[in-house]
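*Asks:* Each residue of the sequence shown is one higher than the one before, counting from 1 in the working numbering.
Ideal Cβ positions, reconstructed from N, Cα and C, are used throughout, including at glycine.
Here the structure is a predicted model, which means the values were calculated and not measured.
Questions regarding the structure given below will be posed in turn.
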Amino acid sequence: MKTRPNVATVVCISFHLIAMAGLQHVEAQTLSNHVIFETGDLPIILSAPHGGNELIPGALPRKGIGVRSFSNTMDFGTKKLALQTAGALERQTGKRPYIVVASFHRKFVDANRSEERAYESEESARAYHAYHEALSQARQDVIHRWGRGLLLDIHGQSEVPDAILRGTVNGRTTTHLVSRFGLESLIGDRSLLGQIAQQALSVVPEVDSAEREHSAYNGGFIVSKYGSGKGGTMDAIQLEVGRNLRSFDARPAVAEKMANAIASFAQEYMPSEEQSVQQTQQTSTRQPFETTETHSNRKNASVFADRFTDSDRDGWFELDDDSSTLSVKSRSGQMGSSSELSFSATDESSLKSFAAHFDEVTLQRTGDFIKLRFNARHNHSGFINRGFRFGLFHSSGTRFTDDGDQDSEPVSLDDRGYFVMLDLGINTTFDSAVIRETNNFTDERLANGGLIAFDAPDKNRDPLMFTREKNYTYSLTLTRNSRGTIDVSLQNNVTGDEDALTGTSTLSPTLAFDTLYFGITGSTADFAIDDVRITDNRTASHRAAEKPINIGVYVDEGAGPSVNDLLFVLGKYEDVSIKRLTAYDVQSGQLDGLDLLMLPGGSGRGQGRTLGETGRASIRKFVREGGGFIGICAGAYLASSHYPWSLHILDAMVVDTEHWNRGTGTVDIAISDWGRQLLQTEERMLPIHYAQGPLLAPGNQPDIDDYQPIAKFETEIAKKGAPQGVMRGTTAIAEGRFGQGRVVCFSAHPEMTNGLETMVRFAIDHVKRIRTEPLATSAQ
């Protein structure tokens, strides 16, 4: 992996963007009401000339007499695409881009034309000048702060409906970029379009092609005006997004891919810091897409802990430096976290690995344990049998001192310990996990050794599989048993405790540990890890007095596939104990001892009827006596007071039940003041995945407390005959009381929305049973 150049190129991206989630829009006093302008804290400007649909009072529609290639139609879907891309970019980077948004309709003003061709009335002129005043101010500010820039002007086209077309007037508007970094920066695989192509989106011209740009879409007024064709350090690229990529269903995924591409491009060509007051050209090692954290990289609460927040890999040793690359990435990597350790295998030779040492831990007594826990993700498109490996070992006194030490036989072959081998690939397999142990000089760590446990092939897919593009949290626990040998347990945030792979060592046990290994074998794949922690019974003892949050999750008839997403999210929290519940469990009193109950997406009717009156009565009793309840989608239908099979624990009716199957997709929700407090967010609007959840409204039941709206639907889905205008304004997230218990219901799916999974955690903290003090009254 190449080292990213530490340069001062800035990106200014022009999109159709309005009122994006989490942004407090700063509107200049001189700007029209039809232009929203916000300064940012990233060297990125998002601007949008053609996605608006608002009327300009008193303005005359353009007739376009004498205007070449006249058009007065809006670029459908570009406003939403920009909104979602900007939101994804902010979630990835933790910082906001500059924003310039035209909300006026193109039939009144075409901001991508020179002034004499852009409008035909005085009212429209004000909007036109406001738009370009905002762009000029943003451009000036970016250059002042970062020194260099690149503007991307995003439009829509239908000629190549599944592709994104580049327009630079055949390289003229990116003169500065290319002169500084070479043609590779414009057409290569690390260019912006190259990064877009790596996201499985088609681009025209193709990557590394000298082909001229499409004559109809090779760059308009904005890129020519603000680009570097006439000098300066602000480059410009026009991006024409195909019709199919702007459709309602396609936009969320395309937006995520666009954000990924922008972030990756930024790592290649953006500055590492703002220019100082003295305009020095020195740069720092911190990338602009990186967040600053004040806590120590190593934490005293663990034997070992590394979140890579200091942007280096000190203490980690790359053992195969000729065939792999080990580096820290900030924000632009696979995990989407602030920093991660990325490992890339550069050939298909055998085992490639890396390691770190920690203070020795000895399991001296029965019950002593050591636990390795980390987050991991990969994007390899193939399949590697037993390809992902990790484990805990003792170095036998020979520790690594530098990269490449694998070639030293005394260092590489005397380690003893326990390791895991997992299938790595796209889909879950049926026998993907193996646990082994090594205890002699012929067993190489992570490569071979005695078998402890394996997932036997059967008809059930193995949840331990390291599946592509999912964030897993793996835990490997070694515990000394009463026989003096080692019990081994492997689990992740899908298996939980119930489906962990377990076994006991049969060889002479290893009881001391000071080294952890990760590796991959037989492929050019890569993976990333973060938040690596090692604890033992000593460092974990301070938590012993803290009781875990006991959560019951309904998994029986009526629970849909999204229950796996919910379990996946819950499994990331160490202080959470998960109990999977059937309808019989609920009916037979197994809610006792739980702090809260969660009903997932699927079928509310199916859940209610499977639970029966006995199960529904058990849940009502549980909540009435202080237990918490969280319902998601179908679970919200179930919690309502609308149907005979409902729980009647939330004073809510369901609006427009005739069109319950109105479609799925991404919608915007507006967060209330109380909602921002409960969900611990400053954001006023958020995009979220919706899958035909209930449109809630007050039910006015006299025996149930009124609920408080946490969020309302700001946009809607109205397919399959559902009328438009009904969904907007109905409750998307509700918080209420039933007896002594608290209830939170989500109509949409935070557990399936990238970046919103923490909503689930905040809801848990709000509704969980409080055993030692009375429930507090929520803010009104």
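Quick test of the definition: if touching needs 3 or more C-beta pairs under 8 Å, does the stretch 71 to 87 touch the stretch 50 to 60?
*Replies:* yes
*Asks:* Run the CB neighbour count on residue 228, radius 10 Å, all protein chains shown included, and call it buried at 16 or more, exposed below.
*Replies:* buried
*Asks:* Among 518, 593, 552, 596, whose alpha-carbon lies nearest the alpha-carbon of residue 582?
*Replies:* Selection 518, 593, 552, 596 evaluated against residue 582 yields 552 as nearest (Cα-Cα).
*Asks:* Any heavy atom of the ligand ADP inside 7 Å of the beta-carbon of residue 175?
*Replies:* This structure simply doesn't include the ligand ADP, nor any ligand for that matter.
*Asks:* Return yes when the Cβ of residue 355 is within less than 8 Å of the Cβ of residue 525, no when it is not.
*Replies:* no
*Asks:* Unbroken alpha helix (DSSP H) runs of length 4 or more, entirely within the stretch 607 to 661: which are they?
*Replies:* 634 to 639
*Asks:* Does the distance from the CB of residue 262 to the CB of residue 173 come in under 8 Å?
*Replies:* Contact flag unset, no.
*Asks:* What is the residue span of the beta strand (DSSP E) that residue 687 lies within?
*Replies:* Boundaries of the beta strand (DSSP E) harbouring residue 687: 685 to 691, taken from the DSSP string.
*Asks:* So for residue 175, helix, strand or coil by DSSP?
*Replies:* In this structure, residue 175 counts as helix in the three-state DSSP scheme.
*Asks:* Indicate the three-state DSSP secondary structure (helix, strand or coil) for residue 766 in the structure shown.
*Replies:* helix
*Asks:* Which term fits residue 360, buried or exposed, when burial requires 16 or more other beta carbons within 10 angstroms of its beta carbon?
*Replies:* exposed
*Asks:* Is residue 165 closer than 8 Å to residue 226 when the C-beta atoms are compared?
*Replies:* no
*Asks:* Is the stretch 483 to 492 touching the stretch 552 to 561 in the sense that three or more CB pairs, one from each, lie closer than 8 Å?
*Replies:* no
*Asks:* Report the rounded CA-to-CA distance for residue 766 versus residue 326, giving the unit in angstroms.
*Replies:* 41 Å
*Asks:* Flag this pair as yes or no: are the beta carbons of residue 312 and residue 220 separated by less than 8 Å?
*Replies:* no
*Asks:* Taking the alpha helix (DSSP H) that residue 225 falls in, what are its first and last residues?
*Replies:* That run of the alpha helix (DSSP H) goes 221 to 226.
*Asks:* Would the stretch 592 to 607 and the stretch 717 to 735 be scored as touching if the rule is three or more Cβ pairs under 8 Å?
*Replies:* no
*Asks:* Compare the beta carbon distance of residue 353 and residue 522 with 8 Å and say whether it is the shorter of the two.
*Replies:* Contact: no.
*Asks:* Measure the C-alpha to C-alpha separation of residue 768 and residue 622 and round it to an integer number of angstroms.
*Replies:* 12 Å
*Asks:* For my contact list, residue 596 and residue 615 are in at a C-beta cut-off of 8 Å; report their separation, rounded to the angstrom.
*Replies:* The pair is not a contact, with the Cβ atoms about 16 Å apart (cut-off 8 Å).
*Asks:* Could you give the residue range of the beta strand (DSSP E) that holds residue 207?
*Replies:* Premise fails: residue 207 is in no beta strand (DSSP E) and is neither H nor E.
*Asks:* By a C-beta neighbour count over all protein chains shown, 10 Å radius and 16 as the cutoff for buried, is residue 782 buried or exposed?
*Replies:* The structure shown has nothing for residue 782, since the chain only spans 1 to 780.
*Asks:* Rounded to whole angstroms, what is the Cα-Cα separation between residue 724 and residue 716?
*Replies:* 8 Å
*Asks:* Distance check for residue 752 and residue 93, CA to CA, integer angstroms please.
*Replies:* 20 Å
*Asks:* May I have the straight-line CA-CA distance separating residue 26 from residue 76, to the nearest angstrom?
*Replies:* Here residue 26 scores only 38 on pLDDT, less than 50, and its place in the model should not be relied on; the value that follows carries that caveat. Taking the Cα positions, residue 26 is about 26 Å away from residue 76.
*Asks:* Could you say which of 451, 42, 520 lies nearest to residue 95 if we only look at CA atoms?
*Replies:* 42
*Asks:* When we look at the beta-carbon of residue 702 and count the other beta-carbons within 10 Å, is it buried (16 or more) or exposed?
*Replies:* exposed
*Asks:* Can you tell me the Cα-Cα spacing of residue 783 and residue 147, whole angstroms?
*Replies:* As displayed, the chain neither begins before 1 nor continues past 780, which places residue 783 out of reach and without an answer.
*Asks:* Tell me whether the stretch 526 to 535 and the stretch 558 to 567 touch, counting them as touching only if at least three CB pairs, one residue from each stretch, are closer than 8 Å.
*Replies:* no
*Asks:* Taking just the CA atoms, how far does residue 696 sit from residue 655?
*Replies:* 6 Å
*Asks:* Taking 8 Å as the cut-off, decide whether the C-beta atoms of residue 45 and residue 103 are in contact.
*Replies:* no
*Asks:* For residue 149 versus residue 258, is the C-beta distance shorter than 8 Å?
*Replies:* no
*Asks:* Please determine, among 132, 634, 679, the residue with the shortest C-alpha to C-alpha distance to residue 693.
*Replies:* 634
*Asks:* Mind reading off the beta-carbon distance from residue 203 to residue 193? Whole number of angstroms is fine, and I expect it under 8 Å.
*Replies:* 5 Å
*Asks:* So what's residue 100 in DSSP terms, helix, strand or just coil?
*Replies:* strand
*Asks:* Using CA atoms only, rank isn't needed, just tell me which of 176, 247, 171 is closest to residue 212.
*Replies:* 171
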